[in-house]
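Asks: Before I ask anything, let me first share the structure, which is written out below as structure tokens.
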Amino acid sequence: MTNQHPKTFIVLPDIHAGMLSPEALEQISALVKKYQVPMTKITGAQRVAFLGMEEAKLSQLQDELKIPKTPPHHRNRVHYVQACPGETWCKYGIGDALTMGKRIAGLDLDGPLPAKVKVGISGCRMCCCESWMRDVGLATEKKGWRFTFGGNAAGNPRIGDLIAAGLSDDEAVELIRKTLNYYLKTAPFKSRTARFIQRIGADELRRALLG
Ligand code: SF4
Numbered sequence: 460m461t462n463q464h465p466k467t468f469i470v471l472p473d474i475h476a477g478m479l480s481p482e483a484l485e486q487i488s489a490l491v492k493k494y495q496v497p498m499t500k501i502t503g504a505q506r507v508a509f510l511g512m513e514e515a516k517l518s519q520l521q522d523e524l525k526i527p528k529t530p531p532h533h534r535n536r537v538h539y540v541q542a543c544p545g546e547t548w549c550k551y552g553i554g555d556a557l558t559m560g561k562r563i564a565g566l567d568l569d570g571p572l573p574a575k576v577k578v579g580i581s582g583c584r585m586c587c588c589e590s591w592m593r594d595v596g597l598a599t600e601k602k603g604w605r606f607t608f609g610g611n612a613a614g615n616p617r618i619g620d621l622i623a624a625g626l627s628d629d630e631a632v633e634l635i636r637k638t639l640n641y642y643l644k645t646a647p648f649k650s651r652t653a654r655f656i657q658r659i660g661a662d663e664l665r666r667a668l669l670g
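If you count by the numbering used here, then the sequence shown holds residues 460 to 670, one letter each, in order.
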């Protein structure tokens, strides 16, 4: 069967780690019906995408949701943070992934990042948020957070390098801030963390960050 829908999409921004209140769900549901959105989808980045709309309706929906027509450049912030339910909601969780997600999403950095930085935070070693494959990966172990950097799941995939383990919440946030500030000051424009760390080497990065 041929798909008759245009291949348009918009993504609802600023959803924290895929968590939606009853009010937000009701609003989304009402808008999906009002604009007859052909498909609504939870994305891999834990956001909501509206797919297959005619341009005119898409534009009206964007206005109603206050989504800018040209995506703003939030390059002083990480691109998105995925976080699992963690110890608050999951029986296996030993770390508060959701709170850490909020803290990392809100980090104020020293300048614009060279490229997208995706973050995956998992509340235990099961790694449901694929932390090893994210630019910044956090997963909780018995002794604290394990921080990996330089992972990527795209065409040239890469497992992130272990930067430090056994970190407290504050230590993990601070080390991530330091790492991203080092990355933004050192990496060429458009160089994703995976290529950056491949070039300089994980030992050099650890030396620069941890002394
Ligand atoms: S990573 Fe662990 S804590 Fe998080 S959802 Fe998966 S099993 Fe639960």
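Note that beta-carbon positions come from the ideal geometry of N, C-alpha and C, so glycine has one too. Because the structure is a prediction, the values reported are computed rather than measured.
If residue 645 sits next to residue 622, beta carbons under 8 Å apart, how far is it from one beta carbon to the other, in whole angstroms?
Replies: Their Cβ separation, rounded to whole angstroms, is 15 Å, which puts residue 645 and residue 622 out of contact at 8 Å.
Asks: Under the three-state reduction of DSSP, which class applies to residue 635: helix, strand or coil?
Replies: Helix, per DSSP.
Asks: Taking 7 Å as the limit between beta carbons, can you name the residues of its chain near residue 571, skipping five residues before and five after?
Replies: Once the five neighbours on either side are set aside, the close Cβ partners of residue 571 are 534, 535 and 643.
Asks: Indicate whether residue 596 and residue 619 have their beta-carbon atoms separated by less than 7 Å.
Replies: Contact flag set, yes.
Asks: In whole angstroms, what separates the C-alpha of residue 634 from that of residue 647?
Replies: The alpha-carbon atoms of residue 634 and residue 647 are separated by roughly 21 Å.
Asks: For residue 631, tell me which candidate among 566, 616 and 520 has the shortest Cα-Cα distance.
Replies: Closest option to residue 631, Cα to Cα, is 566.
Asks: Note down, in chain order, each residue of its chain lying with its Cβ closer than 6 Å to the Cβ of residue 555, except the 5 sequence neighbours on either side.
Replies: These residues qualify, in order along the chain: 545 and 546.
Asks: Give me, in chain order, the residues of the same chain whose beta-carbon lies closer than 7 Å to that of residue 491; leave out the 5 immediate sequence neighbours on both sides.
Replies: Hits under 7 Å: 499.
Asks: Is residue 585 near the ligand SF4, in the sense that its beta carbon is under 6 Å from a heavy atom of that ligand?
Replies: Answer for residue 585: yes, Cβ within range of the ligand SF4.
Asks: Does the Cβ of residue 484 have 16 or more other Cβ atoms within 10 Å, making it buried, or fewer, making it exposed?
Replies: Its Cβ having fewer than 16 others within 10 Å, residue 484 is exposed.
Asks: According to the Cβ coordinates, are residue 693 and residue 592 closer than 7 Å?
Replies: The requested residue 693 does not occur in the structure, where the chain is confined to residues 460 to 670.
Asks: Name the one or two DSSP bridge partners that residue 603 has.
Replies: Beta-bridge pairing links residue 603 to 600.
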